[in-house]
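*Asks:* Just so we're aligned: the sequence shown equals residues 7 to 336 in my numbering.
Note that the Cβ used here is the ideal one computed from N, Cα and C, for glycine as well.
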Amino acid sequence: ETPFLELRNVTKTYKIKQGLFGETKSLNALKDLSLKLSKGDVLGLVGESGCGKSTLAKILLGLEAPTSGKVLVDGTPIGGHDRLALARRIQPIFQDPYSSLNPRKTIQDLIALPLRVHKVGDEASRTKAVREILDVVGLPSRVLTNYPSQMSGGQRQRVAIARALVMRPQIVICDEPTSALDVSVQSQILNLLGDLRQEFGLTYLFISHDLAVVEHLATQVAVMYLGRIVEETDAAALFDNARHPYSQALLKSVLTPDPAMEVPDTQLGMAYPNPIDPPSGCHFHPRCPQATALCKTQTPRPITDTQGLVECHLHDPKADMAQTAQEALT
Ligand code: SF4
Ligand code: MG
Numbered sequence: 007e008t009p010f011l012e013l014r015n016v017t018k019t020y021k022i023k024q025g026l027f028g029e030t031k032s033l034n035a036l037k038d039l040s041l042k043l044s045k046g047d048v049l050g051l052v053g054e055s056g057c058g059k060s061t062l063a064k065i066l067l068g069l070e071a072p073t074s075g076k077v078l079v080d081g082t083p084i085g086g087h088d089r090l091a092l093a094r095r096i097q098p099i100f101q102d103p104y105s106s107l108n109p110r111k112t113i114q115d116l117i118a119l120p121l122r123v124h125k126v127g128d129e130a131s132r133t134k135a136v137r138e139i140l141d142v143v144g145l146p147s148r149v150l151t152n153y154p155s156q157m158s159g160g161q162r163q164r165v166a167i168a169r170a171l172v173m174r175p176q177i178v179i180c181d182e183p184t185s186a187l188d189v190s191v192q193s194q195i196l197n198l199l200g201d202l203r204q205e206f207g208l209t210y211l212f213i214s215h216d217l218a219v220v221e222h223l224a225t226q227v228a229v230m231y232l233g234r235i236v237e238e239t240d241a242a243a244l245f246d247n248a249r250h251p252y253s254q255a256l257l258k259s260v261l262t263p264d265p266a267m268e269v270p271d272t273q274l275g276m277a278y279p280n281p282i283d284p285p286s287g288c289h290f291h292p293r294c295p296q297a298t299a300l301c302k303t304q305t306p307r308p309i310t311d312t313q314g315l316v317e318c319h320l321h322d323p324k325a326d327m328a329q330t331a332q333e334a335l336t
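1. Look up residue 45 in the DSSP assignment and say whether it is helix, strand or coil.
2. Comparing the CB of residue 254 with every heavy atom of ligand 1, is any distance shorter than 7 Å?
3. Whose beta carbon lies closer than 5 Å to any heavy atom of ligand 1, going through the chain in order?
4. Enumerate in chain order the residues of its own chain whose CB-to-CB distance from residue 15 is below 8 Å, with the five nearest sequence positions on each side excluded.
5. For residue 314, which residues does DSSP report across the bridge?
6. Excluding sequence positions up to five away, which residues of its chain have a Cβ less than 6 Å from the Cβ of residue 297?
7. So residue 241 is in the alpha helix (DSSP H); what residue range does that whole segment cover?
8. Looking at residue 249: is its Cβ nearer than 8 Å to the Cβ of residue 238?
9. Are residue 114 and residue 136 close, meaning C-beta to C-beta below 8 Å?
10. Using CA coordinates, which residue listed in 164, 31, 151 is at the minimum distance from residue 98?
11. When you compare only the Cα positions, how much space is there between residue 225 and residue 125?
12. Which of the three DSSP states, helix, strand or coil, is assigned to residue 70?
13. Identify the continuous alpha helix (DSSP H) that holds residue 206 and give its terminal residues.
14. Per DSSP, residue 52 is paired with what?
15. By the DSSP assignment, the alpha helix (DSSP H) with residue 165 in it spans what residues?
16. Taking 7 Å as the limit between beta carbons, can you name the residues of its chain near residue 302, skipping five residues before and five after?
17. Mind checking residue 101: buried by the 16 CB within 10 Å criterion, or exposed?
18. Closest to residue 234 by C-alpha separation, out of 94, 129, 305, would be which residue?
19. Taking DSSP's pairing of strands, which residues face residue 34 in a bridge?
20. Can you list, in chain order, the residues of its chain whose CB lies under 6 Å from that of residue 222, leaving out five sequence neighbours each side?
21. Spatial neighbours of residue 87 within its chain, please: C-beta separation below 6 Å, excluding the five flanking residues on both sides.
22. Along the chain, where does the alpha helix (DSSP H) that runs through residue 120 open and close?
23. DSSP three-state call for residue 134: helix, strand or coil?
24. What's the C-alpha gap between residue 254 and residue 294?
25. Taking the C-alpha atoms as reference points, what is the distance between residue 323 and residue 66?
26. In the structure shown, what three-state DSSP assignment does residue 174 receive?
27. Should residue 63 be labelled buried (16 or more other beta-carbon atoms within 10 Å of its own) or exposed?
28. For the segment 80 to 104, list the alpha helix (DSSP H) runs that are entirely contained and at least 4 residues long, ordered along the chain.
29. What three-state label does DSSP hand residue 179 in the structure shown?
30. Quick one: give me the first and last residue of the alpha helix (DSSP H) that residue 186 is part of.
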């Protein structure tokens, strides 16, 4: 079966100039990354700030082009689809709707905007569609004349969800959809997204730095580190038996009661590396409790087996970790 969305060997490189007269350096936001999203999937994409997950979302939405590699929608390159067809297929929901909703527009206008942009229906049918979708996301019709500033954070996120769904898309790309919300409101929005998935048969790519949020909804999980997917598997398998040391550390951080702690420093001992200047060998080695000498010099290769994908020498039958551990001691 053809995946709805696919990234094939995608690399995205940004040129970063350091200082006014500084040298230009390359930042590989995504490195030879492949990913498939099939009908009915809820793929949770997890990683810390700077891992490339928002870049990945923008590329899947056609908002940015990869430096190399392919983006396929229903098996054909994203560039070959017309804009309306794509908008009907894929819609985004971003973090912090306050910054993505124009403060000078009413809720009616904000939700109708994608319909108007893509010239879907006439004014009367658009008004009807807006009322229907408002009800679906659990907002009363009296808010239609409100402005975003008159709404709570949770209500604004419902408006953003309504605006995405008014196009009746099949795929929704959620980038940190609950990160700006209070914990109690977070779970209401997650429940809503779960209900909408059932009601409309949606497929989600669900991006978050927080595994606990992903656990709510995801059927599969992909863990990202410095522009690579280092582990990908069924959600149940990840939560029962994470294999990559980084996934294991993220899982431990879920159990840490401090919600402000995005980086699991207590497990990893040091901060996330600068993507402009990534560590040698396995990029995770300076933070990895199981690293050996091999990890400092050699990049692990992706291993695919019945549990999914993992990119770590520990799970590569050809990498002799025992031997290199010995060498590290001598
Ligand atoms: Fe840790 Fe080495 Fe595996 Fe990288 S390859 S995650 S450093 S054990
Ligand atoms: Mg981000």
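*Replies:* With the given structure in hand:
1. In the sequence shown, the residue the question calls residue 45 occupies position 39. If DSSP states are grouped into helix, strand and coil, residue 45 belongs with coil.
2. By 1-based counting over the sequence shown, the position of residue 254 is 248. No - ligand 1 has no heavy atom lying nearer than 7 Å to the Cβ of residue 254.
3. With the cut-off at 5 Å, the residues found are 251, 288, 290, 291, 294, 296, 297, 301, 306, 318, 319, 320.
4. Stepping through the sequence shown from its first residue, residue 15 is reached at position 9. Once the five neighbours on either side are set aside, the close Cβ partners of residue 15 are 38, 39, 40, 74, 75, 76.
5. To locate residue 314, count along the sequence shown from 1; it is residue 308. DSSP lists 311 as partners of residue 314.
6. Position 291 of the sequence shown holds residue 297. A distance below 6 Å between beta-carbons, with the five flanking residues on each side excluded, links residue 297 to the following residues of its chain, in chain order: 291.
7. Position 235 of the sequence shown holds residue 241. That run of the alpha helix (DSSP H) goes 241 to 247.
8. For the purposes of this step, residue 249 is taken as the residue at position 243 of the sequence shown. For the purposes of this step, residue 238 is taken as the residue at position 232 of the sequence shown. Contact: no.
9. To locate residue 114, count along the sequence shown from 1; it is residue 108. To locate residue 136, count along the sequence shown from 1; it is residue 130. Taking 8 Å as the Cβ cut-off, residue 114 and residue 136 qualify as a contacting pair.
10. Walking along the sequence shown from the start, residue 98 turns up at place 92. Nearest option by C-alpha distance: 164.
11. The residue labelled residue 225 in the question sits at position 219 within the sequence shown. The residue labelled residue 125 in the question sits at position 119 within the sequence shown. Cα to Cα, residue 225 sits roughly 35 Å from residue 125.
12. Residue 70 sits at position 64 when you count from the first residue of the sequence shown. DSSP places residue 70 in coil when its eight states are reduced to three.
13. The residue labelled residue 206 in the question sits at position 200 within the sequence shown. Following the DSSP letters along the chain, one finds residue 206 inside the alpha helix (DSSP H) bounded by residues 189 to 206.
14. For the purposes of this step, residue 52 is taken as residue 46 along the sequence shown, with counting starting at 1. Answer by DSSP bridge pairing, in chain order: 214, 229.
15. Your numbering for residue 165 matches position 159 in the sequence shown. Run containing residue 165: 159 to 171, per the alpha helix (DSSP H) assignment.
16. Locating residue 302 in the sequence shown gives position 296, where the first residue counts as 1. Excluding positions up to five away in sequence, the list reads 286, 287, 291.
17. Numbered from its first residue, the sequence shown carries residue 101 at position 95. Classification for residue 101: buried.
18. Position 228 of the sequence shown, counting from 1, holds the residue named residue 234. Ranking 94, 129, 305 by Cα distance to residue 234 puts 305 first.
19. One-based indexing of the sequence shown puts residue 34 at position 28. Under DSSP, the beta-bridge partners assigned to residue 34 are 19.
20. Here residue 222 refers to the residue found at position 216 of the sequence shown. Here the set comprises 196.
21. Here residue 87 corresponds to residue number 81 of the sequence shown, with the count starting at 1. If the five residues before and after residue 87 are omitted, its C-beta is found closer than 6 Å to the C-beta atoms of 79, all from its own chain and listed in chain order.
22. Mapped onto the sequence shown, residue 120 falls at position 114. If you look at residue 120, you'll find it in the alpha helix (DSSP H) that goes 113 to 123.
23. Numbered from its first residue, the sequence shown carries residue 134 at position 128. DSSP, reduced to helix, strand and coil, places residue 134 within a helical segment of the structure shown.
24. For the purposes of this step, residue 254 is taken as residue 248 along the sequence shown, with counting starting at 1. For the purposes of this step, residue 294 is taken as residue 288 along the sequence shown, with counting starting at 1. Taking the straight line joining both Cα atoms gives about 10 Å.
25. In the sequence shown, counting from the first residue as 1, residue 323 sits at position 317. In the sequence shown, counting from the first residue as 1, residue 66 sits at position 60. Whole-angstrom Cα-Cα distance: 33 Å.
26. Here residue 174 is taken as the residue at index 168 of the sequence shown, counted from 1. Residue 174 falls in the coil class under three-state DSSP.
27. As a position in the sequence shown, residue 63 is number 57, starting the count at 1. With a threshold of 16 other beta carbon atoms within 10 Å, residue 63 meets it and is buried.
28. Taking only runs of at least 4 residues, the alpha helix (DSSP H) segments lying wholly in the segment 80 to 104 are 89 to 95.
29. As a first step, residue 179 is located in the sequence shown; it is residue number 173 there, counting from the start. When secondary structure is reduced to three states using DSSP, residue 179 falls in the strand class.
30. Start at 1 with the first residue of the sequence shown, and residue 186 comes out as number 180. No residue range can be given for residue 186, since it is assigned to no alpha helix (DSSP H) and is classified by DSSP as neither H nor E.
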